[in-house]
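*Asks:*
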Amino acid sequence: MTGRKRKKHQSGVPGWMVTFADLMALLVVFFVLIISFSIQDKEKLQVVAGSIQEAFGIKDVSKKRGIIEVEGIPLRDYMKDVSRSPQDLDSDFAQAQHDENRRQGPEADTNSILKADIEKPRQFATAAVSLRQAWQEMPEITDVSSNIILEETEDGLNILLIDQEGRSMFKEGSKFPYETTRRLLAKMAPILSRLPNRIHVTGHTTAGQAKASFPNTTWDLSADRANVARQILSEYGVPYDQFHGVTGKADIEPLFPNDPYLIANRRVEILLMAEAPPLPSSLRP
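Sequential numbering from 10 applies to the sequence shown in our numbering.
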């Protein structure tokens, strides 16, 4: 019929089907994300969360580092940067102690000893700050900052020089440290020598550690590394009688017991021991 207009035949996929397909694709992505988040790696999740928070400026520091925080290795929950603990000014503390001693008269010496526990956290925090400042003067500190951990324990302030993948502190199977490790120890020595705390140095290897040349064992290797660290500290100023001991533990005390093969278990620990000060002669029996 000539007077009637023919409807044009429409070809292709209807518009509603395209929209439906997009919706299905979004739903698939949504469910994949749900499954991904339901199987969480706690450490990786913390790194991702920290990166997002840093990107949006929520907080300045979110990942743990060694002397400045650690990125790239798992950390035990109680590891912390002791220098972040809020501290009163030394002058304020000294003045308060002086006033208290004047009020108490002859009993001041005894009370000073009883208050030694108050001074220990301050002393360790001051030592940690001094060590960080000394290390930050090293041009290569950015590369090795995550190899250094400071942790405060009941035994004292523990300084850990640990290995990381691709960055070892000692030569493979050898008691001799790399030059960077030697410089780290040399920077520590003048600060440690000014402290009254005795020092205990302990060497550790990791499970599966390549053995030193026969007939040496990982016990020998860990002890030798600890003793070489002591020698370097002594060479740069730590008095001989400040050392309490040198120990090799092989792989019997991993830093991460759940993964004894982790390279970070291979380390040297330098412990500033928390000990009561000696009694004044007037109070000795």
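A virtual CB, placed ideally from N, CA and C, is assigned to each residue, including glycine.
Name the DSSP beta bridge partners of Q132, please?
*Replies:* DSSP, once it has assigned bridges, lists no residue as partnering Q132.
*Asks:* How about T211 and K258: do their beta carbons lie closer than 7 angstroms?
*Replies:* Going by C-beta atoms, T211 is nearer than 7 angstroms to K258.
*Asks:* Using C-beta distances below 7 angstroms, list every residue in its chain close to R276, excluding the 5 sequence neighbours before and after it, in chain order.
*Replies:* Same-chain partners within the cutoff: L169, L170, I171, D172, H213, L264.
*Asks:* Decide yes or no for the touch test of the segment 244-259 against the segment 139-148: beta carbon pairs closer than 8 angstroms, at least 3 of them.
*Replies:* Result no; under three Cβ-Cβ pairs closer than 8 angstroms.
*Asks:* Under DSSP, the alpha helix (DSSP H) around T190 begins and ends at which residues?
*Replies:* First-last of the alpha helix (DSSP H) with T190: 188-202.
*Asks:* By a C-beta neighbour count over all protein chains shown, 10 Å radius and 16 as the cutoff for buried, is I261 buried or exposed?
*Replies:* Exposed is the call here.
*Asks:* Please state the DSSP three-state secondary structure of M88.
*Replies:* Bear in mind that the predicted position of M88 carries a pLDDT of just 43, short of 50, making it unreliable; the figure below should be weighed with that in mind. Residue state, collapsed to three classes: coil.
*Asks:* Mapping the DSSP letters down to three states, classify M147 as helix, strand or coil.
*Replies:* Residue state, collapsed to three classes: coil.
*Asks:* Rounded to the nearest angstrom, what separates I158 and T226 at their Cα positions?
*Replies:* In a straight line, the C-alpha of I158 is about 26 angstroms away from that of T226.
*Asks:* Quick one, are the C-beta atoms of R234 and K184 less than 7 angstroms apart?
*Replies:* Going by C-beta atoms, R234 is nearer than 7 angstroms to K184.
*Asks:* Report, in whole angstroms, the separation of the C-beta atoms of E278 and N167, which I expect to be a contact under 8 angstroms.
*Replies:* 6 angstroms between Cβ atoms; contact.
*Asks:* What separation, rounded to the nearest whole angstrom, lies between the Cα atoms of R239 and R191?
*Replies:* One C-alpha to the other measures close to 11 angstroms.
*Asks:* Which residues share a DSSP beta bridge with L280?
*Replies:* In DSSP, L280 forms a bridge with N167, H209.
*Asks:* Might you give, ordered along the chain, the residues of its own chain that have their beta carbon closer than 6 angstroms to the beta carbon of L271, omitting 5 neighbours on each side?
*Replies:* Excluding sequence neighbours, L271 sits near F265.
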